[in-house]
Structure formats: structure tokens, C-alpha cells
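Take a look at the structure below.
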Amino acid sequence: AFSQHMVLSGLFLEHVISVLSQIPVLRCDVDRVEDSQVHNHTEDGKLEAAIFALTAFFRGGGKVGKRAVEQNYASVLSELMLQLGSCHGLAYSGHLEPLRNLLTAFQAFCECVGDLEMGKILARDGELSEKERWINLIGDIAGCISIKRPKESENADNLLE
Numbered sequence: 022a023f024s025q026h027m028v029l030s031g032l033f034l035e036h037v038i039s040v041l042s043q044i045p046v047l048r049c050d051v052d053r054v055e056d057s058q059v060h061n062h063t064e065d066g067k068l069e070a071a072i073f074a075l076t077a078f079f080r081g082g083g084k085v086g087k088r089a090v091e092q093n094y095a096s097v098l099s100e101l102m103l104q105l106g107s108c109h110g111l112a113y114s115g116h117l118e119p120l121r122n123l124l125t126a127f128q129a130f131c132e133c134v135g136d137l138e139m140g141k142i143l144a145r146d147g148e149l150s151e152k153e154r155w156i157n158l159i160g161d162i163a164g165c166i167s168i169k170r171p172k173e174s175e176n177a178d179n180l181l182e
């Protein structure tokens with residue numbers, strides 16, 4: 022319902038992104054993810070709830086929701102990228118569900134903004150957890166964005182710094 026209202030859609034999207042941004046990003050080598058880090062990252066359900074909310078928003082937003090996503094493209098994309106890194110770390114430690122849920126949300130984001138190429142990249146390489154493949158995935162996504170949305174690419178880079 023929020024995604025169908027001009028003002029509420031933007032506020033809802035900003036709130037969900039804010040919730041995601043408060044979830045600690047795993048900042049360690051994927052070879053050394055510890056059980057306590059996994060537990061801290063997933064224990065309260067915020068990550069899962071925020072990801073499900075985003076997925077529903079991207080899928081059910083219609084024109085109004087799409088406009089809100091377009092207006093917040095850089096912040097949504099940068100948060101999805103950060104969480105993608107964390108979820109890859111979780112997957113490496115055997116917790117695949119957060120990564121699968123995030124990839125579903127990321128695919129819905131791609132469909133919402135009409136970026137089929139990025140969606141194909143995620144479908145092809147999203148669940149690969151080897152370090153080299155993971156780095157290539159990020160590079161491919163960045164390349165896709167820089168070609169299709171050069172202004173947003175710069176904005177997302179600034180948010181990720």
C-alpha cells in the first residue's frame with residue numbers, strides 16, 4: 022500500500038534503507054567469518070524483514086513506487102551492494118538463506134528500474150562465493166551501472182566511501 026502513495030512510498034523506502042544501513046556489515050575476510058558474527062548479523066530478524074519489505078515494494082510499487090526507487094536509486098543500490106557483500110560472507114560460512122533472499126530483492130530492484138542486464142549478471146553469478154568470482158560480480162555490476170546510469174554510478178560511489 023505504501024508503494025502506491027506518492028509521499029508515503031518515498032518515506033517508506035527511505036525508512037527501510039535506513040534500517041538496512043543500521044545492520045552491521047560483515048567486515049572480515051570471508052575465510053574467517055566466525056559463528057558469533059553470523060549470529061549478531063541475523064539474530065533479531067531485521068535483515069530478513071527489511072529485505073522482504075524491499076522485495077515487496079519493488080514488485081508491487083507500480084509507477085509511484087518505481088518513481089520513489091528511481092529518486093533513491095543511488096542509496097538503494099549502495100545499500101543492496103553492501104548487504105550483498107555481507108550476505109556472501111554469511112553464505113561462505115554456511116548460511117545461504119540471507120544471500121538468496123537478498124538476491125531475490127536485488128532481482129526485483131533490477132526489474133523495477135528496468136535494468137535487465139544487471140539482473141542477468143546477478144542471476145548468473147549472484148550465488149558464487151569464491152573470492153575471485155565475487156570481485157568479478159561487483160565489477161560487472163559497477164560496469165553495468167556506469168554505462169547505463171553514469172550519474173547514479175558516481176552518487177553510489179560517494180555513498181559507499
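Using my numbering, read the sequence shown as starting at 22 and increasing by one per residue. Note that beta-carbon positions come from the ideal geometry of N, C-alpha and C, so glycine has one too. On a predicted model such as this, the values are computed, not experimentally measured, just so you know.
The alpha helix (DSSP H) enclosing residue i, as first and last residue numbers
i, result
"S39", "27-43"
"S99", "94-113"
"G147", "It is not in any alpha helix (DSSP H) - G147 carries neither H nor E in the DSSP assignment."
"L120", "118-134"
"R2", "With the chain represented from 22 up to 182, any question about residue 2 goes unanswered, as that position is not in the structure."
Check whether residue i and residue j have beta carbons under 8 Å apart
i, j, result
"L120", "C108", "yes"
"I38", "S114", "no"
"L105", "L123", "yes"
"A126", "I72", "yes"
"D136", "K84", "no"
"N93", "E138", "no"
Cβ-based neighbour list, residue i, same chain, cut-off 7 Å, excluding 5 preceding and 5 following
i, result
"E91", "V134"
Cβ-heavy atom distance, residue i to the ligand GTP, below 7 Å
i, result
"V134", "With respect to small molecules bound, the structure shown includes none, and the ligand GTP cannot be examined in it."
Nearest-angstrom Cα separation, counted from residue j out to residue i
i, j, result
"G86", "C165", "23 Å"
"S167", "A89", "21 Å"
"E100", "S42", "7 Å"
"K67", "V46", "13 Å"
"I78", "E118", "In the sequence under discussion, the amino acid at residue 78 is Phe, which differs from the Ile named in the question. Straight-line Cα distance between these residues: approximately 20 Å."
"V51", "G31", "Below a pLDDT of 50, predicted positions are generally treated as unreliable, and V51, at 49, falls in that range; the measurement from the model is reported next regardless. For V51 and G31, the distance between alpha carbons rounds to 34 Å."
"G110", "V28", "36 Å"
"D146", "H116", "17 Å"
"Q25", "A74", "14 Å"
Residues near residue i in its chain [Cβ-Cβ closer than 8 Å; skip 5 each side]
i, result
"I7", "In this structure the chain extends from 22 to 182, so residue 7 is not present and cannot be described."
"R80", "A129, E132, C133"
"T76", "N122, T125, A126, A129"
Residues near residue i by beta carbon distance below 6 Å, same chain, minus five either side
i, result
"E69", "none"
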